[in-house]
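Below is one structure, written out as structure tokens; comments come after it.
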Amino acid sequence: MKKALFYAALAVLAVFITAGIFAEVLAPCDPNAVDLANPLAAPSSAHWLGTDHLGRDLLSRLIYGSRSSVFLAFFATGCTLMAGSLIGLVSGWAGGWLDQLLQGVVNLFQGIPSTAFVAAVLGLLGPGIRSLLIAVAASSWAGFSRVVRNQVLAVRELHYIEGARALGAGSFSILCRHVLPNIMLPLLVLAAARVGSTVLTVAAMSFLGLGLRAPAADWGIMISDAKLYYIKDLKVLLAPAACLTLFCLSIHLIADELRDRLDGEGDGAHML
Amino acid sequence: MGHILRYTGKKLLWTVPILLGITLLAFGLGLAARGDPAVNRASVDPDYVPTREEIQALREALGLTVPAPVQYGRWMAGVLRGDLGRSLMDDKPVLGEMLRLLPNTLILSGMALAVIAAAGIFGGVLLALFHGRFVDAAGRAVLVTVMSVPGFCLAYFLIWLFAQKLRVLPSSGAEGPLHFVLPCLAVSAASACAAARLLRASLLGELGRNYILTARAKGLGRGRLLLRHALRNALPPTVTHIASAFGGLLGGSMITEQIFSVPGIGSYALAAIQNRDYTALRGYVLFTGLVFVLVCLGCDLLCAWLNPQIRLGE
Amino acid sequence: MNPRKRLLGSLLAGAVSLCLAACGGPAAPDTASPAPSAPAASTPAAHGKEDVIVLAGARTLAPGVEDVYFSHKLLGAWEPLISADETGSPVGVLAERWQRNEDATAWTFYLRQGVRFQNGEAFNADIVVENFKRYQLLENGYSRYTSFRVADLYPGLIGCEKVDDYTVTVRFEQPVPRLLFNMKDYASCIFCPGSWDPETGCFTEQPVGTGPYVITEVKEDEYAVLKAFDGYWGEPAKTENIRVRVISDPQARYAALDSEEVMGVLDLGAMPAALGDELLKDSRFAMAVHTSNITHFMLLKGEGTPFSDVRLRQAVSLAIDRQLIVDQLWGGYAKPTQNLINRMCPDWVELPVEYDMDRAKELAREVLGEQRIQVDMYTRSLYLDRGPYKEMMEYIQSQLAQIGIDATVNIIDSSTYSEMSENGELGANFMTHGMANLNAYLFLNMYLGSEGSYNQSQHLAYHNEYADGLLTEMRGTLDDGRFHALAVELQEIANTQLPVIPLFYDTSNLIYNREQITGYEDFTDHVDLSHLAWVGGV
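Chains as they are written, first to last, in my numbering: chain P, 1 to 272; chain R, 273 to 586; chain F, 587 to 1124.
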């Protein structure tokens, strides 16, 4: 049962990713082709899911939307993961005053309410992908860095590292050989959870008018655009919201499963 | 006792670098931003086009022409005297405005804290009790789904259900305690679900431990065990989660405040961002930094009380 | 009983009691009874003097002492000397009659007698003199609605002097033939002296006006409470108590109307057309539609761009099906236009509006050849609250693509906007411009004049010496007939040359619960809340 859910979640994720990659092939229409005379049309053979408030094909927008939303979430999380891990590695490995200083910065960034921070970065630097990446990375790198640092500290204490050192292995090779494999799984779990929350953050920012450029087909933008029209036709809200929820749901399920495997190995799941 | 005091003192000392860092960050962000508060203020009336001289005069009057470090220094000096400055947009004192808006935010986050804690603990215990059964599986599915729905969709759904269809709660406003029920549900739903999941996980972890197995062997029932022994030990991670959610709520929730027309700290910050009202923004940032330190401290002390094995300061 | 069940029971009991505590209180008013037979509406006699009409708007209508008017005119707390009637012609409120000297440098106003302020003080010439002293201090009076710039409203003002108890004369250094247009509403607001700082003219306490309603309580960003003023000089207010709430989210305003928490919405963008349509399907609700002085525009940067060529501007204009925008996005109430001047202006003339994609393509090809050009289109986020701006821009984006113009749609906040517009970075700008002053010269000059403020600030780079000549003559003329003729000619020039591209005239569409209140129909730009009444009376 649990396994089945996990594989179902993986399948959903695969569908979204495939849709994103092959959007040009899969989408039946141009997602931005406006047909103002035909708004909120019911599903038909020309438009399988009907049209939105500007007469654009809803299905095509959903497909292109998965490119924008899913990829942005993965990309932003990837950037955050890299930045956070790097700082955590440095902090844990170097120790001393540098560690103290970096921990101070981590504390600082964890203290900023994340929505407000993201809104401030987007508001002040102007909406767009660049600001969005900066905002997401800056608001969530601290968590990654903390996990990595703790793991590095833990690994450093292990005897075989001492051995490797005695054998004259350099810091870098020790990091690559012994530390990275150890922190892969916990980082993956954390990153999976982050992908879900990033999608929701981007949607929230679109709601505040701080998201991406129109007419970019993006689930978050589609949801906030549907605000005034869903009372007339629920599908314009339901379709993107369902995609977003389904995506987050599958990410959560995958993260859960990964975490259970991590617990099975019996280390450090509680820090998540 | 002395130990706790020493720890508290140390944590409070931490406030200084955190506040310094956080305001510097806000200041730096302001320097990188597009837009000029003076231009903004001069163009409050959208039908009027201000002249360059007017804008320059305003810039000087607002103290925006002096070098950035001096601006920061002046502002800091004001803060040390208890003066957070005046809004660049309408000259209202920042502290006064924040105090005016604070009650709404406090009520909302206080109520939300109660809901998150009650629902989170109740849900977590319930799911742990029914571990491996249908209730557990169904409950977890509901929790994850609620966590995956965008917050503003949930808010609109609540308005539709409780205000329009059932007509049992007001749709918006902040006039009485009932007005806060829907916003409170909207801000607390996702955090409460996350808390329940977390608690369930740590309860199950706790139940697998040796002392519990021993107690079970002695014939104690699962339910009593859960409440008597496991819960207390399993709570700290959940408490930490709830505290961080509470800290975030005290910083105001921009979206919920906007949807439910509850003027609070979050809308103040959003307006400050949009207007490039840097004094207001710095005041807000100072406030949230302070709240963060205090909430963290409270949370650490609470965890230490719950589980004396946790040593403070580590 | 086994311990697990007991535990579960107590937890459940706790949850249920929490829910009850949360929902129990307000269940009394009406439990989901279908609305048409709501008890309040079917028994109108039930309305006592104490009952309160609750309305909602998107922004606050009583911003407070920082604002030079303290409250929006709509609330009826204060009154002006001069207002305008349905056709845009000046009409007296606290001034009954007026006359000017030959060269329009001195204007004499005969004041209404028997008017009292809400604190009992009498209104007379001394009061007006004091208020003019205040105006002179307001070089750049801050307001959320319309700023008070004495140099623009009263150019060359020397002062206001008392002739007798109910007559004053206002003198100017230069002729001001269209003074009455400038003085409309906000610009001639009258307050009882004593509430402002004599050095700055700013209010130090809540000011007292002569209007039909007294503002008794203001909770900033939440609500304002009004009570009828029983000593009002004119027709007394039809309702004793009104409460105007601020509900910032359109969806929440919709819900509040539907659940009968509020009985009507008012002010700009009170109800988006898409939601209004839904409400009107319900027989409880009706819509009062009034013309407004607001026109929606698209401004194309001409400075150093192909849009300096009039043919390309015409192509853009011809490519936009304004009627389709109005019908599909604005609920069909607005009126398409290509005319710069608003239809509320007494000098307005009706001019043709064209949509012809084939000619648009032709004209664009003449200018661009086979080349495609890029344009970044912008609008301020504040307009999203006033109408479907983003939707409209997305439609225009798709239309422009057909004539070889690849446009982007960008929503920016006011701060970014101000900076970008100063630097001339806005390829195209979508905005509304309300004709707050119905003096046709001012508006025509802003866009058509080579030195016009919008022509310059928006980098339109429109230059037409013939039009400049007409504008100069228009500014100086004391002959109303000639003024009108010039206004018509300039409107025709603007209609073909399109220094900016007007899209349509807006209307204010206010939705109210007709089973509960009446009087929304006659409440316009010029009339305040005093016509509002309960159905069936008190």
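Glycine included, every Cβ here is placed at the ideal spot set by N, Cα and C.
Three-state class that DSSP yields for residue i in the structure shown
| i | result |
| --- | --- |
| Lys805 (chain F) | strand |
| Thr751 (chain F) | Going by the sequence as given, residue 751 (chain F) is Asp instead of Thr. Correct three-state label for Asp751 (chain F): coil. |
| Ala354 (chain P) | Not covered by the structure: residue 354 (chain P). The range shown for chain P is 1 to 272. |
| Val338 (chain R) | coil |
| Thr1058 (chain F) | helix |
| Thr694 (chain F) | strand |
| Gly855 (chain F) | coil |
| Glu682 (chain F) | strand |
| Val848 (chain F) | coil |
| Trp819 (chain F) | coil |
| Lys635 (chain F) | coil |
| Met963 (chain F) | strand |
| Pro922 (chain F) | strand |
| Asp233 (chain P) | coil |
| Ile906 (chain F) | coil |
| Tyr740 (chain F) | coil |
| Lys1151 (chain F) | The requested residue 1151 (chain F) does not occur in the structure, where chain F is confined to residues 587 to 1124. |
| Leu885 (chain F) | strand |
| His1070 (chain F) | helix |
| Leu937 (chain F) | coil |
| Trp916 (chain F) | coil |
Bridge partners - residue i, DSSP secondary structure assignment
| i | result |
| --- | --- |
| Cys746 (chain F) | F:Val756 |
| Cys775 (chain F) | F:Pro666 |
| Lys770 (chain F) | F:Ile668 |
| Phe734 (chain F) | F:Gly727 |
| Thr377 (chain R) | Bridge partners of Thr377 (chain R): none, in fact. |
| Ile927 (chain F) | BP columns for Ile927 (chain F) are empty, so no partner. |
Neighbouring residues, chain A, relative to residue i (Cβ below 8 Å)
| i | result |
| --- | --- |
| Phe532 (chain R) | Note that chain A does not occur in the displayed structure, where the protein chains are P, R and F. |
Proximal residues to residue i (C-beta, below 6 Å), its chain only, five neighbours per side dropped
| i | result |
| --- | --- |
| Leu1030 (chain F) | Leu1076 |
| Thr994 (chain F) | Asp962 |
| Ile514 (chain R) | Ile388, Ala389 and Ala467 |
| Thr1018 (chain F) | Ile880 and His882 |
| Gln983 (chain F) | Ala993 and Val995 |
| Ser533 (chain R) | Ser444 and Gly445 |
| Gln699 (chain F) | Tyr752 |
Beta-carbon contacts of residue i that lie in its chain and below 7 Å, excluding the five residues immediately before and after
| i | result |
| --- | --- |
| Leu450 (chain R) | Leu441 and Pro442 |
| Gly674 (chain F) | Met930, Cys931, Pro932 and Leu1024 |
| Gly196 (chain P) | Cys248, Ile251 and His252 |
| Leu303 (chain R) | Ala340 |
| Glu707 (chain F) | Cys778 |
| Leu374 (chain R) | Ile537 |
Proximal residues to residue i (C-beta, below 8 Å), its chain only, five neighbours per side dropped
| i | result |
| --- | --- |
| Ala618 (chain F) | Because Ala618 (chain F) sits at a pLDDT of 36, beneath the cut-off of 50, its placement in the model cannot be relied upon, and the point is left open. |
| Val800 (chain F) | Ala663, Gln704, Leu812, Lys813, Ala814 and Phe815 |
| Ala1119 (chain F) | Lys824, Thr825, Ile1103, Thr1104 and Gly1105 |
| Leu569 (chain R) | Thr280, Lys283 and Leu284 |
| Asn579 (chain R) | Arg504, Asn505, Leu507 and Pro508 |
| Ile112 (chain P) | Ser139 |
| Gly495 (chain R) | Leu401 |
Residues of the stretch 861-877 of chain F with Cβ closer than 8 Å to any Cβ of chain P, in chain order: Hits within the stretch, in order: Leu861, Asp863 and Glu864.
Residues of the stretch 8-32 of chain P whose Cβ lies closer than 9 Å to any Cβ of chain R, in chain order: Per Cβ criterion, the list is empty.
Residues of the stretch 216-250 of chain P with Cβ closer than 8 Å to any Cβ of chain F, in chain order: So the list reads Asp225, Lys227, Leu228, Tyr229, Ile231 and Lys232, given in the order they occur along the chain.
Interface positions of the stretch 306-330 of chain R facing chain F (Cβ-Cβ less than 7 Å), listed along the chain: Listed by position along the chain: Arg306, Gly307, Asp308, Val311, Asn312, Ser315, Val316, Asp317, Asp319, Tyr320 and Val321.
Interfacial residues, the stretch 62-76 of chain P to chain F, with Cβ spacing under 8 Å: Residues: none.
The stretch 351-363 of chain R: positions lying closer than 9 Å to chain F by Cβ: Within the stretch 351-363 of chain R, the residues whose Cβ lies closer than 9 Å to some Cβ of chain F are Asp362 and Asp363, listed in chain order.
4-residue-minimum alpha helix (DSSP H) runs that sit fully inside the stretch 10-85 of chain P, ordered along the chain: For secondary structure counted as the alpha helix (DSSP H) over 4 or more consecutive residues, the stretch 10-85 of chain P holds these complete runs in sequence order: 23-26.
Within 9 Å of chain R by C-beta, residues of the stretch 100-115 of chain P in sequence order: Under the 9 Å Cβ criterion, the stretch 100-115 of chain P contributes Gly104, Val105, Asn107, Leu108, Phe109, Gln110, Gly111, Ile112, Pro113, Ser114 and Thr115.
Residues of the stretch 1037-1051 of chain F with Cβ closer than 9 Å to any Cβ of chain R, in chain order: Listed by position along the chain: Ser1039, Tyr1040, Gln1042, Ser1043 and Gln1044.
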